[in-house]
Amino acid sequence: MHASLKINKLRRLFVGLTAVAAAAAATSSFAQLSDDAVRARVDALMARMTLEEKAGQITQHFVFQEVPKEEERAAKEVAAGRGGSVLLLKTAADINRFQQMALKTRLGIPLLVGFDVIHGFHTVMPVPLAMAASWDPAVAQEAQAVAAREARAVGIHWTFAPNVDIGRDARWGRTVEGAGEDPTLGSAMAVAQVQGFQGPYIGAPGRVIAGPKHFAGYGASIGGRDYDEVDLSDSQLWNVYLKPFKAAVDAGAGNIMSAYMGLNGVPASGNHWLLTEVLRKSWGFKGFVVTDAGAAFDLTTHGYTRDKPEAARQALLAGVDMEMTKPFDSQVFAHLPELVSKGEVPVAKLDEAVRRVLEAKVRMGVFEKPLVDEAEAAKVLADPAHRDVARRAAERSFVLLRNEKQLLPLKGSSLKSVAVIGPLADSAVDTVGPWIFAQNDAETVTVLAGLKAKLGNKVKVDYSPGVSMPKRANKSIFPEPKPVTVDDGKEIARAVQMAKQSDVAVLVLGEAQIMSGENASRSSFDLPGRQQELLAAVMATGKPVVVLLMSARPLDLKGLAPQALMQIWYPGTQGGAAVANVLLGEVSPGGKLPFTWPRNIGQVPLHYAHLQSHFTHAMTERYWNEPNSPLYPFGFGLSYSSFEIQDLMLSQPSLKASETLKVSVKLRNTGARKADEVVQLYVRQKAGSSARPVRELKAFRRVSLDAGATQTVSFDLPASELQYWSAAVRRFVLETADFDVFVGNDATAKLAGKFQLEGEAIARP
Ligand code: NOJ
Numbered sequence: 015m016h017a018s019l020k021i022n023k024l025r026r027l028f029v030g031l032t033a034v035a036a037a038a039a040a041t042s043s044f045a046q047l048s049d050d051a052v053r054a055r056v057d058a059l060m061a062r063m064t065l066e067e068k069a070g071q072i073t074q075h076f077v078f079q080e081v082p083k084e085e086e087r088a089a090k091e092v093a094a095g096r097g098g099s100v101l102l103l104k105t106a107a108d109i110n111r112f113q114q115m116a117l118k119t120r121l122g123i124p125l126l127v128g129f130d131v132i133h134g135f136h137t138v139m140p141v142p143l144a145m146a147a148s149w150d151p152a153v154a155q156e157a158q159a160v161a162a163r164e165a166r167a168v169g170i171h172w173t174f175a176p177n178v179d180i181g182r183d184a185r186w187g188r189t190v191e192g193a194g195e196d197p198t199l200g201s202a203m204a205v206a207q208v209q210g211f212q213g214p215y216i217g218a219p220g221r222v223i224a225g226p227k228h229f230a231g232y233g234a235s236i237g238g239r240d241y242d243e244v245d246l247s248d249s250q251l252w253n254v255y256l257k258p259f260k261a262a263v264d265a266g267a268g269n270i271m272s273a274y275m276g277l278n279g280v281p282a283s284g285n286h287w288l289l290t291e292v293l294r295k296s297w298g299f300k301g302f303v304v305t306d307a308g309a310a311f312d313l314t315t316h317g318y319t320r321d322k323p324e325a326a327r328q329a330l331l332a333g334v335d336m337e338m339t340k341p342f343d344s345q346v347f348a349h350l351p352e353l354v355s356k357g358e359v360p361v362a363k364l365d366e367a368v369r370r371v372l373e374a375k376v377r378m379g380v381f382e383k384p385l386v387d388e389a390e391a392a393k394v395l396a397d398p399a400h401r402d403v404a405r406r407a408a409e410r411s412f413v414l415l416r417n418e419k420q421l422l423p424l425k426g427s428s429l430k431s432v433a434v435i436g437p438l439a440d441s442a443v444d445t446v447g448p449w450i451f452a453q454n455d456a457e458t459v460t461v462l463a464g465l466k467a468k469l470g471n472k473v474k475v476d477y478s479p480g481v482s483m484p485k486r487a488n489k490s491i492f493p494e495p496k497p498v499t500v501d502d503g504k505e506i507a508r509a510v511q512m513a514k515q516s517d518v519a520v521l522v523l524g525e526a527q528i529m530s531g532e533n534a535s536r537s538s539f540d541l542p543g544r545q546q547e548l549l550a551a552v553m554a555t556g557k558p559v560v561v562l563l564m565s566a567r568p569l570d571l572k573g574l575a576p577q578a579l580m581q582i583w584y585p586g587t588q589g590g591a592a593v594a595n596v597l598l599g600e601v602s603p604g605g606k607l608p609f610t611w612p613r614n615i616g617q618v619p620l621h622y623a624h625l626q627s628h629f630t631h632a633m634t635e636r637y638w639n640e641p642n643s644p645l646y647p648f649g650f651g652l653s654y655s656s657f658e659i660q661d662l663m664l665s666q667p668s669l670k671a672s673e674t675l676k677v678s679v680k681l682r683n684t685g686a687r688k689a690d691e692v693v694q695l696y697v698r699q700k701a702g703s704s705a706r707p708v709r710e711l712k713a714f715r716r717v718s719l720d721a722g723a724t725q726t727v728s729f730d731l732p733a734s735e736l737q738y739w740s741a742a743v744r745r746f747v748l749e750t751a752d753f754d755v756f757v758g759n760d761a762t763a764k765l766a767g768k769f770q771l772e773g774e775a776i777a778r779p
């Protein structure tokens, strides 16, 4: 889909305000301010500020309350006017307390309060990768609108989300936070989430500023190791990794977070080209840039700057507006007053950054309403409508990978007993996934709880964890994984007995949530602990087996093929309720993989939009032990029905650079029940000034169809969507070339057509 078309579509969605957004609007009265009004407010304030106060305004302090010393330190800084912002406070009472301290400083400028609202705040939505698997930007928008409403109610103004890093190597634990491997799907999800968080304008009631991160290239860290360096070709950078950022900026994101790692040798948080040439000058970004936590200090860790003052100077001059500091001594912007006094940093540069941060404060209404009403906040967090959104988002995110002999949906009427097995079947902490700090575990519906509630007393539900799993050992942001408790196999034997005595075994296997997220990479896609053994033992009973995989990685079941297999990700607060609705057939699964699923980890990185260099490539199985092809292609996912996609029509055989091609197909539900299909459109440019990928996703639509129904699904493909950054001429080009177009329901779509583009002549220097 064309970016602007996507944005317009999302705007329209917004106009038809959801119940949740309407409730948010009713609780506040912030109107959009004109640029002039904002500027006047900021000018008046800045005229009164000392250099120290300015440096304080652009310093953001970590307040990790689990460590009381850190809270004390942050409080001291804020009370002394050396902090313009804090992050990670999560209750209305605590935020009010910190705001009171800021109000008592000389100028009384309230704080801008940030938080990692990644996939829900109190009500936990499915993880972002799961929302991407819904291939339904509207659902991601709605989920993030709910998250924003809850966060704003407790006094949070700004989220460090969406994570729009492309993830092509699932060893990297942060793929859970993004939208997978593809820039078109990634851009659509980026736009949807920015709109969900921010609403129609920055400062809209019940909304928060969105901060797409981590600018840029973080997902390509070598070996999938978090924080490791990134060595990306310009072509990959422009055509893949920067695309979702550009889409998020075009959608009006108010903030950008600069990344930790070095991009092609220059640290992202001190990278003038990235932060100023690309982001500000070329893209016209108007918001403010914050570093990742401690990333300005890290300019020295990189071996890039000499010391803290030089790091502060480089970060600011490169284009950083605010420093996010860690609770230990990683603060560098405190050196700015001295650097300005010595003439090493122009005061105008400092002022620019301060202005951007104050503008965000004015727009967010922090001066009018620095404190929040705690009782009102509690009401918002308890709103049952939020749970409905979470359940629906989860239902739409599941990806059915196998369903032999139509085991699913389970036949409720003849079902007498179910064995629910696995270490993740009844784990609330794992069900919500990583990056969650303000949830109520007691409210989380696990798979076991969801199935029990759904099946009532009519069906016997037995449960065994089967094996143990590392648990989150403490509340630290990076919990140390507790070693897996020694499994003596007795529980496996019990689980097997249970399976033998039941009509069906539902196994919930996967990775503990602490195995994904920040600082949580894995060098294996195997099921951790003794889960593989558990699975093999239960399958050996010959009973029908459903495996639900709770993970954000393509796990390797080592050739075991259970009768039904569904990826449920980390499904959030209502995960178990959503699973029950899908397993019992109230809802048909319709999600699709947002990444290519490799046969084993040795194939990584593996993505569908690759370049093909040799004519035998497709025929030759180049690994000695495996085919090159994936286990499941990008975009793959089954439903409880079946679909046919036919009659590909193109509006014209050739198009000019200013024109839009219309592509349509007939989608028919050939099965016996209502279900969803995601129609996907891929193109291939057959010759260019640089080599072009075998195919690239350009548009998609999730469609719901009744049994037997047919619908024409049309896409607009503006020629501008066919431009790409060419390494040969080092700029974006839109070239005269032949194109193949493929439409289908995954990246191997066979239904094909052709068209020509009349663009610029291919220039090969
Ligand atoms: C470090 C992470 O990289 C970033 O994504 C997060 O927003 C900050 N910490 C704050 O928690």
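All the letters of the sequence shown, read from the start, carry residue numbers 15 to 779 under this note's numbering.
Ideal Cβ placement from N, Cα and C applies to all residues, glycine included.
Bear in mind that the values here come from a model prediction, so they are computed numbers and not experimental data.
**V359 to D50 span [Cα, whole Å]** = Start at 1 with the first residue of the sequence shown, and residue 359 comes out as number 345. Start at 1 with the first residue of the sequence shown, and residue 50 comes out as number 36. Near 28 Å, if we compare the C-alpha coordinates of D50 and V359.
**Prompt:** Candidates S530, V380 and P214: which alpha carbon is nearest P142's?
**Reply:** On the sequence shown, residue 142 is found 128 positions in, with the first residue counted as 1. Ranking the options by Cα distance to P142, first place goes to S530.
**Message:** Taking only three categories from DSSP, how would you classify A35?
**Reply:** Locating residue 35 in the sequence shown gives position 21, counting from the first residue. Caution is warranted here: a pLDDT of 44 is assigned to A35, below 50, making its placement in the model unreliable, and the coordinate value is therefore given only provisionally. If DSSP states are grouped into helix, strand and coil, A35 belongs with the helices.
**Message:** I'd like to know whether the C-beta atoms of R698 and R682 end up nearer to each other than 8 Å.
**Reply:** In the sequence shown, residue 698 corresponds to position 684, counting from 1. In the sequence shown, residue 682 corresponds to position 668, counting from 1. Not a contact, by the Cβ cut-off of 8 Å.
**Item:** Any non-hydrogen atom of ligand 1 within 7 Å of K227 CB
**Value:** In the sequence shown, the residue the question calls residue 227 occupies position 213. Indeed, a heavy atom of ligand 1 lies less than 7 Å from the Cβ.
**Prompt:** Excluding the five sequence neighbours on either side, which residues of its own chain have a C-beta within less than 6 Å of the C-beta of A761, listed in chain order?
**Reply:** Residue 761 sits at position 747 when you count from the first residue of the sequence shown. Correct list, in chain order: Y622, P647, F648 and G649.
**Request:** Look at P423 and G599 and say whether their C-beta atoms are less than 8 Å apart.
**Result:** What you label residue 423 is simply residue 409 of the sequence shown in a count that begins at 1. What you label residue 599 is simply residue 585 of the sequence shown in a count that begins at 1. Taking 8 Å as the Cβ cut-off, P423 and G599 qualify as a contacting pair.
**Message:** Here's the rule: buried if 16 or more other CB atoms are within 10 angstroms of the residue's CB, otherwise exposed. What is E164?
**Reply:** Stepping through the sequence shown from its first residue, residue 164 is reached at position 150. With 16 or more other Cβ atoms within 10 Å, it is buried.
**Closest by C-alpha distance to P667, when choosing among V677, E658, P568 and R410** = Counted from its first residue, the sequence shown places residue 667 at position 653. The candidate whose alpha carbon is nearest that of P667 is V677.
**Request:** Report yes if the CB atom of N759 is closer than 8 Å to the CB atom of I615, and no otherwise.
**Result:** Taking the first residue of the sequence shown as 1, we reach residue 759 at position 745. Taking the first residue of the sequence shown as 1, we reach residue 615 at position 601. No, the Cβ-Cβ distance between N759 and I615 is not below 8 Å.
**Asked** From H316, Y477, A159 and T137, pick the residue whose C-alpha is nearest to that of I435; which is it?
**Response** By 1-based counting over the sequence shown, the position of residue 435 is 421. Answer by Cα proximity: Y477.
**Asked** Does V510 get closer than 8 Å to chain D when you measure Cβ to Cβ?
**Response** In summary, chain D is missing from the structure at hand, where a single protein chain is found.
**Prompt:** Where A36 and E390 are concerned, what is the direct C-alpha to C-alpha distance, given to the nearest angstrom?
**Reply:** Taking the first residue of the sequence shown as 1, we reach residue 36 at position 22. Taking the first residue of the sequence shown as 1, we reach residue 390 at position 376. Residue placement at A36 is flagged as unreliable, the pLDDT there being 47, under the threshold of 50; a coordinate-derived value is accordingly withheld.
**Request:** Could you give the DSSP three-state label for V386: helix, strand or coil?
**Result:** Numbered from 1 along the sequence shown, position 372 holds the residue referred to as residue 386. The answer is coil: DSSP assigns V386 none of H, G, I, E or B.
**Request:** Please name the residue in L719, T724 and A713 whose C-alpha comes closest to that of L199.
**Result:** On the sequence shown, residue 199 is found 185 positions in, with the first residue counted as 1. Of L719, T724 and A713, the residue nearest in Cα terms is A713.
**Message:** Rounded to the nearest angstrom, what separates T815 and V459 at their Cα positions?
**Reply:** Because the chain in this structure spans residues 15 to 779, residue 815 falls outside the shown range and cannot be described.
**Asked** Any idea if N595 is buried or exposed, counting beta-carbon neighbours within 10 angstroms, 16 or more meaning buried?
**Response** In the sequence shown, counting from the first residue as 1, residue 595 sits at position 581. The residue is buried, with at least 16 neighbouring Cβ atoms inside 10 Å.
**Prompt:** What three-state label does DSSP hand G767 in the structure shown?
**Reply:** Here residue 767 refers to the residue found at position 753 of the sequence shown. Strand at G767.
**Asked** Can you tell me whether DSSP reads A40 as helix, strand or coil?
**Response** In the sequence shown, residue 40 corresponds to position 26, counting from 1. Low per-residue confidence applies at A40: pLDDT is 42, beneath 50, and the placement is therefore not dependable enough to give any value.
**Asked** Which term fits G279, buried or exposed, when burial requires 16 or more other beta carbons within 10 angstroms of its beta carbon?
**Response** Position 265 of the sequence shown holds residue 279. G279 is exposed by the Cβ-count criterion.
**Item:** For I582 and P619, the rounded distance between their alpha carbons
**Value:** Position 605 of the sequence shown, counting from 1, holds the residue named residue 619. Position 568 of the sequence shown, counting from 1, holds the residue named residue 582. For P619 and I582, the distance between alpha carbons rounds to 22 Å.
**Message:** Quick check for students: name the residue ranges of the beta strand (DSSP E) that lie wholly in the segment 502 to 567, counting only runs of 3 or more.
**Reply:** 518 to 524 and 559 to 564
**Request:** Check whether the Cβ of L101 sits closer than 7 Å to any heavy atom of ligand 1, and report yes or no.
**Result:** On the sequence shown, position 87 is the one that residue 101 refers to. L101 Cβ: within cutoff of ligand 1.
**Message:** So, with DSSP's three-state summary, where would you put F76?
**Reply:** Stepping through the sequence shown from its first residue, residue 76 is reached at position 62. Looking at F76 - three-state DSSP - the assignment turns out to be strand.
**Prompt:** Using a threshold of 7 Å, is the CB atom of E85 nearer than that to any non-hydrogen atom of ligand 1?
**Reply:** Translated into the one-based positions of the sequence shown, residue 85 becomes position 71. For ligand 1, not one heavy atom lies less than 7 Å from the Cβ of E85.
**Message:** Please classify A17 as buried or exposed, where buried requires at least 16 other C-beta atoms within 10 Å of its C-beta.
**Reply:** On the sequence shown, position 3 is the one that residue 17 refers to. Confidence at A17 is low in this model, with a pLDDT of 39, below 50, so the placement of that residue is unreliable and no value is reported for it.
**Message:** According to DSSP, is A664 part of a helix, a strand, or is it coil?
**Reply:** For the purposes of this step, residue 664 is identified with residue 650 of the sequence shown, where counting begins at 1. Note that residue 664 is Leu in the sequence shown here, rather than Ala. In the structure shown, L664 sits in a strand (DSSP, three-state: E or B).
**Message:** Tell me which residues share the same chain as D12 and place their Cβ nearer than 7 Å to its Cβ, disregarding the 5 neighbours each side in the sequence.
**Reply:** In the structure as shown, the chain begins at 15 and stops at 779. Residue 12 is therefore absent and cannot be evaluated.
**Prompt:** How about D242: is its Cβ closer than 7 Å to a heavy atom in ligand 1?
**Reply:** By one-based count along the sequence shown, residue 242 stands at place 228. It does not: the Cβ of D242 is nowhere closer than 7 Å to a heavy atom of ligand 1.
**Message:** Between F174 and ligand 1, is there a pair consisting of the residue's CB and a ligand heavy atom that are separated by less than 7 Å?
**Reply:** Here residue 174 corresponds to residue number 160 of the sequence shown, with the count starting at 1. Yes, ligand 1 has a heavy atom inside 7 Å of this Cβ.
**Runs of alpha helix (DSSP H) lying entirely within the segment 81 to 138, each at least 4 residues, in chain order** = 82 to 93 and 106 to 117
**Asked** DSSP beta-bridge partners for M336?
**Response** Here the question's residue 336 lines up with position 322 in the sequence shown. DSSP, once it has assigned bridges, lists V304 as partnering M336.
**Prompt:** Taking 7 Å as the cut-off, does the CB of A307 come closer than this to any heavy atom belonging to ligand 1?
**Reply:** The residue labelled residue 307 in the question sits at position 293 within the sequence shown. Yes, the beta carbon of A307 sits closer than 7 Å to at least one heavy atom of ligand 1.
**heavy atom of ligand 1 below 7 Å from E457 C-beta** = Stepping through the sequence shown from its first residue, residue 457 is reached at position 443. E457: no, Cβ never under 7 Å from ligand 1.
**Request:** Just mark L549 as buried or exposed, buried being the case when its beta carbon has 16 or more other beta carbons within 10 Å.
**Result:** For the purposes of this step, residue 549 is taken as residue 535 along the sequence shown, with counting starting at 1. So L549 ends up on the buried side.
**Request:** Indicate whether F347 and L293 have their beta-carbon atoms separated by less than 8 Å.
**Result:** As a first step, residue 347 is located in the sequence shown; it is residue number 333 there, counting from the start. As a first step, residue 293 is located in the sequence shown; it is residue number 279 there, counting from the start. In this structure, L293 does not lie closer than 8 Å to F347 by Cβ.
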